[in-house]
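J.:
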Amino acid sequence: MKFLIFIAPNEFKDETVSMLKLFLDKFDIDSKITSYSTKECVGAHGAVYKPDINANLINPLDFDGIFISDGAGLEIYKLYEFRPLLDLMLKFNNADKYIIAIGNSVKILAKANIIKNKKISVPDNDNELKNFVLLFRGAASDRDIEIAGNIVTMKNAAGIDEPMINFFEHLGIR
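Have a look at this one:
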């Protein structure tokens, strides 16, 4: 299997990306870091990742899915308004590839208009995000993980262990 991890150019959640990489390595899944920046991306706590592939060059057919990391960078860069990223989510969705959004990155799925009639895990006490999900006809959920076909949403990176194990079991990977 082969997955992408999408990060904002800056201020992504370092802990989310490190946990994702840890789990993907543990389950022997190939992963690549991607962003719309070709330069080094710096996380909120200083972690630095050089994208392996520019998001403009991605063909969803080459991957099994994409993880979208959360963090303040999504808001700073308003990535949920960035048409090329929304189009990429549509391509992954149309190819029936997994799209895994964590925390506030569910805004990207909502704006790509791919959450209609799906349960979407939303961080606790984030009423603005819950309303955003409802606006795009999704159903906000307080569960740690929601799997709705190829759309997977996780509340946050804290305690990501069990949701990730559940997701990989869903894929048939142990």
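The opening position of the sequence shown corresponds to residue 5 in our numbering, with each subsequent residue numbered one higher. Note that beta-carbon positions come from the ideal geometry of N, C-alpha and C, so glycine has one too. Computed from a predicted structure; not experimentally measured.
#1: Less than 6 Å separating the Cβ of V156 from some heavy atom of the ligand NAD?
#2: Mapping DSSP to helix, strand and coil, what is E59?
#3: Alpha carbons only, please: which of L26, G77, K54, D68 is nearest the one belonging to N14?
#4: Looking at Y102 and N154, is the spacing between their C-beta atoms short of 7 Å?
#5: Quick one: give me the first and last residue of the alpha helix (DSSP H) that I112 is part of.
#6: Do the segment 61-70 and the segment 20-27 make contact, defined as three or more Cβ pairs closer than 8 Å?
#7: So for D32, helix, strand or coil by DSSP?
#8: Whose C-beta lies closer than 6 Å to the C-beta of I177 among residues of the same chain, with five residues either side of it excluded?
#9: Could you give the uninterrupted runs of the beta strand (DSSP E) lying entirely in the segment 115-166, keeping only those of 3 residues or more?
#10: Report back the beta-carbon spacing between I115 and E85 to the nearest angstrom; my notes put them in contact at under 8 Å.
#11: Compute the beta-carbon to beta-carbon distance between D34 and M5, rounded to the nearest angstrom, for a pair I have assumed lies under 8 Å.
#12: Rounded to whole angstroms, what's the CA-CA distance from S145 to I124? Just pull it up for me.
#13: To the nearest angstrom, how far is the alpha carbon of I164 from that of T157?
#14: On the DSSP letters alone, give me the boundaries of the beta strand (DSSP E) that L8 sits inside.
T.: A quick look at the data gives this:
#1: The ligand NAD is absent from the structure shown, which contains no ligands of any kind.
#2: According to the sequence shown, residue 59 is Ala rather than Glu. Here A59 sits in helix by DSSP.
#3: G77
#4: yes
#5: 110-115
#6: no
#7: coil
#8: F31
#9: 123-125, 143-145, 149-152, 155-158
#10: For the record, residue 115 in the displayed sequence is Lys; it is not Ile. Contact flag correct, Cβ pair sits at about 7 Å.
#11: 7 Å
#12: 6 Å
#13: 11 Å
#14: 6-10
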